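Engineer: Quick note: the sequence shown, position 57, residue 57 per full-length UniProt numbering, numbers continuous.
Every residue gets a Cβ at the ideal spot worked out from N, C-alpha and C, and that includes glycine.
As the structure is a prediction and not an experimental result, all values here were calculated from the model.
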Amino acid sequence: MEKLPVMQLINREMKRKKLNPADISKSLGLSYTAAHRMFLRPTIQVQRLAELSELLGYNFFRELDGKLPYDEPEVVDHPETNALKERIKELEIENRTLKEMVGKMMGH
1 MEKLPVMQLI
11 NREMKRKKLN
21 PADISKSLGL
31 SYTAAHRMFL
41 RPTIQVQRLA
51 ELSELLGYNF
61 FRELDGKLPY
71 DEPEVVDHPE
81 TNALKERIKE
91 LEIENRTLKE
101 MVGKMMGH
């Protein structure tokens, strides 16, 4: 598999936000040397990429997803998920009903 351009993407977003490794090191609680070494490596740990995504306000995972030649994972319905979806519907109906009642009480 071809190497993903992770560090290029990070550097692009840093440049767009006008941040440098020193800024990143402070925000991530790293020494300048550790941050500098991180940017010299061709790869990065998933957790660190998540931290950089949050710091830079950019979802690197979504962009990298488009570069992978694999299908989406199969979505499996779980009973808990279905129960929560049903509860959401019930709460939405309740919310609408309450809004209507308050509107009538207020004379709207």
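(1) Below 8 Å, can you find three or more Cβ-Cβ pairs linking the segment 49-62 to the segment 7-19?
(2) Look at Ala34 and Ile24 and say whether their C-beta atoms are less than 8 Å apart.
(3) Going by alpha carbons, who is nearest to Pro42 out of Met101, His78, Lys3, Leu98?
(4) Since I believe Glu63 is in contact with Leu9 (beta carbons under 8 Å), could you give me their beta-carbon distance rounded to a whole number of angstroms?
(5) Would you kindly report the start and end of the unbroken alpha helix (DSSP H) that includes Tyr32?
(6) If you run the structure through DSSP and keep just helix, strand and coil, what is Thr43?
(7) Mapping the DSSP letters down to three states, classify Asp71 as helix, strand or coil.
(8) Applying the criterion that 16 or more other CB atoms from any shown protein chain within 10 Å of the CB defines a buried residue, is Met105 buried or exposed?
(9) Please state whether DSSP places Glu2 in a helix, a strand or coil.
Structural biologist: Here's the rundown:
(1) yes
(2) Between Ala34 and Ile24, the C-beta gap is not smaller than 8 Å, which leaves the two residues out of contact.
(3) Lys3
(4) In this structure, Leu9 and Glu63 form a Cβ contact; the two beta carbons are roughly 6 Å apart against a cut-off of 8 Å.
(5) 32-40
(6) The answer is coil: DSSP assigns Thr43 none of H, G, I, E or B.
(7) Coil at Asp71, not helix or strand.
(8) exposed
(9) Three-state DSSP puts Glu2 in coil, outside helix and strand.
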